[in-house]
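Asker:
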Amino acid sequence: MIHSPRLEEGCWICENLHQPKDLVFYESKTSLAKLNPDQQFRGYTFLVLKWHEEELHNLSGKNRKSFLEDMSLVGTSLAAALKPDKMNYELLGNAQPHLHWHIVPRYKTDPMWGRPIWAGSRRRNRLTQEGYLELVKKIREHLPYTKLSASLRPS
11 MIHSPRLEEG CWICENLHQP KDLVFYESKT SLAKLNPDQQ FRGYTFLVLK
61 WHEEELHNLS GKNRKSFLED MSLVGTSLAA ALKPDKMNYE LLGNAQPHLH
111 WHIVPRYKTD PMWGRPIWAG SRRRNRLTQE GYLELVKKIR EHLPYTKLSA
161 SLRPS
């Protein structure tokens, strides 16, 4: 059984786990995936652990395996939906000490190709509400059905 201990008061990620709701496109017992509101890199996604933990090695083996499998599943779905030239995966936690992956599709045409997305300054790219909904729909088409994720789909 997957154990989900608790959310932590004062943790921005815990307090905003399901927000913004319209950017959430996948949920399992362990993780939740949502688009980064900044879509400078088309499909840039956060995969967030559904309870507060700061270090991957502190998760039980079963929870760690589930979290890593969710990361791989979301990355595979992004790659199938968006056809990037490369997929980047980062698990940092320096600025937001709560386990969360940055899953970033990279394209040869992106403004930081060949460099980390953190290098230098760049403009943010916010989509319209319709743009986010279209992107979420496209990604969901490449995700397997789960009861939790099905509850995220509009009726």
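When we follow our numbering, the leftmost residue of the sequence shown carries the number 11, and every step to the right adds one.
Even glycine gets a Cβ: it sits at the ideal position worked out from N, Cα and C.
All values derive from a computational prediction rather than experimental measurement.
Please state whether DSSP places residue 122 in a helix, a strand or coil.
Answerer: DSSP places residue 122 in coil when its eight states are reduced to three.
Asker: How about residue 110 and residue 57: are their beta carbons less than 8 Å apart?
Answerer: Their beta carbons are under 8 Å apart, which means residue 110 touches residue 57 by this criterion.
Asker: What is the C-beta distance between residue 52 and residue 92, in whole angstroms, given that I count them as a contact (C-beta under 8 Å)?
Answerer: That pair is a contact at about 6 Å.
Asker: Evaluate residue 138 with the Cβ neighbour count: other Cβ atoms within 10 Å of its Cβ, from every protein chain shown; 16 or more gives buried, anything less gives exposed.
Answerer: Exposed.
Asker: Just mark residue 31 as buried or exposed, buried being the case when its beta carbon has 16 or more other beta carbons within 10 Å.
Answerer: When all chains shown are included, residue 31 counts as exposed.
Asker: How close, in whole Å, do the beta carbons of residue 48 and residue 116 come, if the pair is a contact with beta carbons under 8 Å?
Answerer: That pair is no contact at about 15 Å.
Asker: What number of angstroms, rounded off, separates the C-alpha of residue 124 from the C-alpha of residue 114?
Answerer: The alpha-carbon atoms of residue 124 and residue 114 are separated by roughly 13 Å.
Asker: Excluding the five sequence neighbours on either side, which residues of its own chain have a C-beta within less than 6 Å of the C-beta of residue 81, listed in chain order?
Answerer: Answer for residue 81: 57 and 111, listed in chain order.
Asker: Tell me which residues share the same chain as residue 153 and place their Cβ nearer than 6 Å to its Cβ, disregarding the 5 neighbours each side in the sequence.
Answerer: Correct list, in chain order: 36 and 87.
Asker: Within 10 angstroms of the Cβ of residue 94, are there 16 or more other Cβ atoms? Answer buried if so, exposed if not.
Answerer: Label assigned to residue 94: buried.
Asker: Going by DSSP, what residues sit across from residue 38 in a beta bridge?
Answerer: Paired residue(s): none; residue 38 is not in a bridge.
Asker: Classify residue 127 as helix, strand or coil using the three-state DSSP reduction.
Answerer: Reduced to three states, the DSSP call for residue 127 is coil.
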